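For reference, the structure is listed below as structure tokens.
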Amino acid sequence: MMEGSAHYPFDPGPLVSMDGDTSRSGSQNDQTIDLQLPSDESITLTEPPERPRMHFLHGSSCPIATGNRDMLRVRLRAAAISLSVGFGVFLAYRGVFGLFGMQNHPILLTLHGVVALALGIMALMLRRKCLIREGQLHFFEYAIFGLPAIYFLLMQHVMVDVAAADLGILPNLAPPWLLLMFVYALFIPNCPKRAGVFLTLMAASPVLLYAGLRQFDPIVAVANAPVGGGFVVLLLIMSLSASVATAGVYTIGNLRTEALEARSIGHYRLRRKLGSGGMGEVYLAEHQMMKRPCAVKIINPAKAGDPKMLHRFEREVRATAQLSHWNSVDIYDYGRSDDGVFFYVMEYLPGMNLGELVEQFGPLPPARVIHFLRQTSEALGEAHSIGLVHRDIKPANIFAAKRGGVNDVAKLLDFGLAKPIQTGDETLDLTQDGVITGSPHFMSPEQAQGEEPDARSDIYSLGAVAFYLLAGEPPFKYEKLIKVMIAHATESPPMLTDMAPDTPQDLEAVVMRCLQKSPEDRYQSTEELITALEQCEAARQWTRRDADQWWSQHQHVEEPELAPA
């Protein structure tokens, strides 16, 4: 079974261009944009060409702690760059001066160049803007260290043969492997047990190569041992190096943990990083006195000088703090630390968001979709009743949490784009006319055209989320963001039963009404939507027992480990 994690939505990074590709950053379907339109220009919405096919990438069952995911990407990229540069330097040296007759082996030199180039390409692919899934990070880890290892084995096989035949003495095989081992130990965040497996394989490779050639190659068998010792010395060097490198992994991991635990924000001690985004970072934390687990969202210091970002951060806190519905995330605290760091504290949610749920496990059964929609609609209903429009309803902002021992509790998150339906003069308007905000795959036609949305806009977005949960893909799936937005404004979505044949007709009718282009043709309130959902045949068929069985079979939700009281 896979280990669980807690994830939180994060604000967008750099603004996305109108013709930007949806894979530029973040999830393909969860990207949020904040786009300023020129005041003297308008967009003509035309029917786009036939939609291209898009494939979803599913997560790996090999767990990576959410807080380590970004770190692993950065460290893998740094390792790839370092190894690529090293391979490039030695390629130039060997090509010019030669080494043990290497200039007579063009295939090996070519392979050397291919490895250097592959490492450079992987470094480019590991940029933050590229979409990398959890399982793919493991693939990059294997490739970044596996390709050099394979090359070292082939190269040293040739080196040993040439040196034994021409010089009668064997070369020292340890240096390149020691370099590879310590690059892995220093760069890759890991647990000692897993690191020990990788480092043992690296350490054993030259030892087994040396022993095998000595045993089965008659020329190598009679050659003199390397200066400084033969097989036993090589075995001792590699064993000791693997042990020291593994101990280094343990020490570095402990130091990183201690440094994080020593950091406090206000009355909250940070335990581990849960994730990061354009606006800031989120940490698992605990109140120093009450020992209550919570999630602390910290604004990025680079953004702290941006008045618009600070006002948006504050608006998200105040908007969420007005809500008391149990399906909205709870805000515990908000403030500014002594060193000038802005933060707010919200409840910690074990589980995963609905976007991750579909990406990892595929479309959800209709009864479960209704279960999530009802809860989210109720949370939205409270927001609408006090005059707030969420404006960024998407799968990543709806969390399937475990609360009070109950699984599949929907939690509505991220009111960073929320705006009063009617704004008074005293309210700062961060999204004025001419600004398009939201997530293109789930935004309403009003948002796509830069018009002022109301509560019915959230109902459209919730319908798009329902479509995604049932079909496994959003209603419109163009690669370009502008085409997705145009489609929301001008195209009729495909029938849900064409994409998900098992969808009941009554539920399809509810979802398709939510997706009507005209707000007047949709449900006029979340109360109407909830009534329609309750009239579906599959309503209330997803029980607490069903949720418990699903999570026990597919996903173990970890509770946070807190310090003793």
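If you use full-length UniProt numbering, the sequence shown corresponds to residues 1 to 565, in order.
Here a beta-carbon is modelled for each residue, glycine too, at the ideal position from N, C-alpha and C.
From a predicted model like this one, the values you see are computed outputs, not experimental measurements.
Span of the beta strand (DSSP E) around residue i
| i | result |
| --- | --- |
| K297 | 293-299 |
| R403 | 398-403 |
| F343 | 342-347 |
| G280 | 280-287 |
| L412 | 406-412 |
| G120 | Premise fails: G120 lies in the alpha helix (DSSP H), 106-125, not in any beta strand (DSSP E). |
| residue 578 | Since the first residue of the chain shown is 1 and the last is 565, residue 578 is not available in this structure. |
Sub-9 Å separation of residue i and residue j beta-carbons
| i | j | result |
| --- | --- | --- |
| G266 | D333 | yes |
| P189 | L284 | no |
| L91 | G113 | yes |
| S461 | K394 | yes |
| residue 582 | F361 | The question about residue 582 has no answer here: the residues shown for the chain are numbered 1 through 565. |
| L173 | P226 | yes |
| Q371 | A547 | Before going further, note that residue 371 is His rather than Gln in the sequence given. Yes, the Cβ-Cβ distance between H371 and A547 is below 9 Å. |
| A143 | M122 | yes |
| A118 | L147 | yes |
| D458 | L533 | no |
| N224 | G168 | yes |
| L481 | P440 | yes |
| A185 | L208 | no |
| F415 | E316 | yes |
| R263 | L255 | no |
| L515 | G463 | yes |
| C294 | V249 | no |
| W550 | N353 | no |
| F152 | P171 | no |
| V465 | T320 | no |
| R292 | L349 | no |
| M512 | M485 | no |
| A383 | L412 | yes |
| R127 | R75 | no |
| L236 | P206 | no |
| V369 | P453 | no |
| S79 | F139 | It is Ala, not Ser, that sits at residue 79 in the sequence shown. No, they are not a contact pair. |
| L109 | R94 | yes |
| V374 | A538 | A small fix is needed here, since residue 374 is Arg in this sequence, not Val. In this structure, A538 does not lie closer than 9 Å to R374 by Cβ. |
| I331 | F313 | no |
| P519 | E446 | yes |
| V296 | Y268 | yes |
Extent of the continuous alpha helix (DSSP H) to which residue i belongs
| i | result |
| --- | --- |
| H267 | Note, H267: premise wrong, no alpha helix (DSSP H); not H, not E. |
| Y334 | Segment 331-336 is the beta strand (DSSP E) holding Y334; no alpha helix (DSSP H) there. |
| G196 | 192-216 |
| G230 | Careful: G230 lies outside any alpha helix (DSSP H) and carries neither H nor E. |
| G362 | Looking at the DSSP string, G362 is not in any alpha helix (DSSP H), and its letter there is neither H nor E. |
| residue 567 | Look at the range of the chain in this structure, 1 to 565, and you will see that residue 567 is not part of it. |
| M499 | 496-499 |
| M181 | 174-187 |
| W551 | 544-554 |
| A532 | 526-534 |
Beta-carbon separation (whole angstroms), residue i vs residue j, contact threshold 8 Å
| i | j | result |
| --- | --- | --- |
| A396 | A410 | Between A410 and A396 the Cβ distance is about 13 Å, and since that is not below 8 Å, they are no contact. |
| F476 | E491 | 7 Å |
| R391 | R456 | Actually they do not touch by this definition, with Cβ atoms about 12 Å apart. |
| I81 | A165 | Rounded, the Cβ-Cβ distance is 37 Å, inconsistent with contact. |
| A203 | M238 | 4 Å |
| Q541 | A367 | 4 Å |
| C536 | P493 | Incorrect: roughly 19 Å between the Cβ atoms, too far for contact. |
| G88 | A116 | 5 Å |
Practice problem: Inspect the CB distances between the region 154-167 and the region 204-219 and report whether three or more fall short of 8 Å. | Solution: yes
Quiz item: Between the region 497-507 and the region 340-347, are three or more C-beta pairs nearer than 8 Å?
Solution: no
Practice problem: For the region 169-183 and the region 229-245, state whether three or more C-beta atom pairs, one from each stretch, are separated by less than 8 Å. | Solution: yes
Quiz prompt | Touch test, the region 503-513 against the region 351-361, Cβ-Cβ under 8 Å, three pairs minimum | solution = no
Exercise. Would you mind listing the beta strand (DSSP E) stretches within the region 425-494 that are 3+ residues and don't spill past its ends, in chain order?
Key: Qualifying beta strand (DSSP E) stretches, in chain order: 435-438.
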